Structures are given as C-alpha cells and as structure tokens.
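**Q** When we follow full-length UniProt numbering, the leftmost residue of the sequence shown carries the number 1, and every step to the right adds one.
Please find one structure pasted underneath; my questions will follow.
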Amino acid sequence: MRLRMALAALLTMLATLSFVGSATATATPAPRPESFSPATTGTGSFFAINGANQLVKWTRNATTYTSQLIGPGWGDSRLIAGLGTSQLIQIRYDGTLWDWKYNVTAGQWYGYYVSADWDNIAQLGGLGYNRFLVKTTAGVLREYVSAQDDHVYSLAVWTGASYGNQSLVTGLSASSFFGIDKDTGIANHYAWSGGVATGTYVGTGWGTVSKIAGIDATRFVTVRSTDNRLVEWNNSAGTWTSVVFGPGWDDAKLIG
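Structure follows, in structure tokens:
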C-alpha cells in the first residue's frame, strides 16, 4: 500500500533511490512530489514511514503540504523524529541510533551511525537541529545535543522518573514539547528549560491519538485511531485549534 494523504484524490509519486557504504547510507529524493492544500499557513516538516516501509518527508509551505518520497528500506525503524526539514533521527529495532542529514550539494540524504544501546527509549521528539528529547521506559526525560555537528550526541539535561504516564511525546522547539497521557486522555503543553518541564494543561479527549509529530514551535500533527485521519493542531494565544486532513493514515507505521 502507498500512503494516502490527499484531501480529495489519490496522487502518485515517482522516486529513485540509491544506498552506498556500510556505515553511511545515501538516498536521492523523488523528482516529482505530491501536494495538497489545507486552509492553513506556516512552515515546518515531519516524516512518515508507510506500510511499504518507505520514508516520506512532508514539508509545510505557505499554503500547501508537499510530500517527497525519500526511499524504501525503513522497516527496521522503531522510532523516528525530524529535527528540521533536513535532519532526521532514527532508532532501529537493533537498538542503534542513526543521524540522517540532507546534503544540498550532493542532493542526497546521508545516514550516520551514532551509537548502540537505545533499546530503553519509549518516545523520541525533535527539539531542533542536532537536538532531541527522549522519554525512557522508566519515565525519565533526557535531552541530547551534538554541539559540534559531528553526529556525536551528549546527554545535556535530564529529569527524574516522573513522566511515565506520558504515552506520546513530541518536541516543538528547543524550549517546549507536547505530551499526551492516553490512559486519561489528558494533554499538556510543556515549557522545557535546564531539565525542568513545566506543564500547561490543554484538555481531555486526547486518548484517541495513536501517533504524534511536531511541526514547529506552535504546531504539531496527530493521527486519530478512530478514523485514521491526520489532524493538525495550532497554538494561537494559548488556544489550540485543529484542522482535519486525511483519511488513509492507517498506512503510516511511524511519524516523527
């Protein structure tokens, strides 16, 4: 199956892909992306892995979303998170962490092995370029940073084991993230600074969210388990409003 993400009609995507090397992979993006036009504006992007194990990047433009097929072979991904339009973090089922970056000159994505032993990560969220947040299986939040832009990530700050109830977590910016407790359906918008998370109650009724991915500092998307639609949420003056897209997002194995 191919991921269906249009509002009115199914669009077709053509793509080419090449992988080289053992520790570093490269991917050439599709020359003909598909697009649709929701009635919202903004910038940012997120990534999705569909049922055919293809990685697709969705970029938000002034009036449209544009999708681009990066390539197949992503079935070994357990968690992914976009750190921007040109960077992606991947945790594989073998517990390894990979840092993917797009090289404009080469016109390709390059994947770099970072390290092993990431098996205890339950949630992964991008905070910005070379910066991401994780929630461990013990409920601890940790922020990792690559200060030298060299694919070496150091633990910057962390919390106590107080966030085990946050079933879904996504980063919004270097100073904020969003969390959902699926058991209670309660969502919180967190300010994040120096390893301290300060939550602002958003509301209830979020228990039907199956997947979540940050777009920018005030925007994220979710997939609803009830009808497999993509929902975009935007924060304006402290009020979260939604725009519903889809359907067809049951084909998305991961978003981030």
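We put the CB at the ideal spot given by N, CA and C, even for glycine.
Owing to the predicted nature of the structure, the values given are computational and were not obtained by experimental measurement.
Exposed or buried, Ala25, counting other C-beta atoms within 10 Å across all chains shown (16 or more means buried)?
**A** Its pLDDT being 46, under 50, Ala25 is placed unreliably in this model, and the value from its coordinates should be taken loosely. Flag for Ala25 reads buried.
**Q** Distance, Cα to Cα, Ser167 vs Ser236?
**A** 25 Å
**Q** Report the three-state DSSP secondary structure of Trp118 (helix, strand or coil).
**A** If DSSP states are grouped into helix, strand and coil, Trp118 belongs with coil.
**Q** Cα separation between Asn61 and Trp249?
**A** 20 Å
**Q** Please go through the same chain and pick out, in chain order, the residues whose beta-carbon is closer than 8 Å to the beta-carbon of Gly95, but skip the five residues on each side of it.
**A** Ala116, Asp117, Trp118 and Asp119
**Q** Express the C-alpha separation of Gly238 and Asp251 in angstroms, rounding to a whole number.
**A** Straight-line Cα distance between these residues: approximately 32 Å.
**Q** Could you check how far apart the C-beta atoms of Ile89 and Phe46 are, in whole angstroms? I think they sit under 8 Å.
**A** Ile89 to Phe46, Cβ: 13 Å. No contact.
**Q** Have a look at the DSSP bridge pairing and note the partners of Tyr102.
**A** Trp109
**Q** Tell me which same chain residues have a C-beta within less than 7 Å of the C-beta of Val114, skipping the five on either side of it?
**A** Leu97, Trp98, Asp99, His151 and Tyr153
**Q** As a quick exercise: from Asp216, Ala217 and Val243, pick the residue whose alpha carbon is nearest that of Arg229.
**A** Val243
**Q** Using the C-alpha atoms, what's the distance from Tyr129 back to Ile70?
**A** When only Cα atoms are considered, Ile70 and Tyr129 end up about 19 Å apart.
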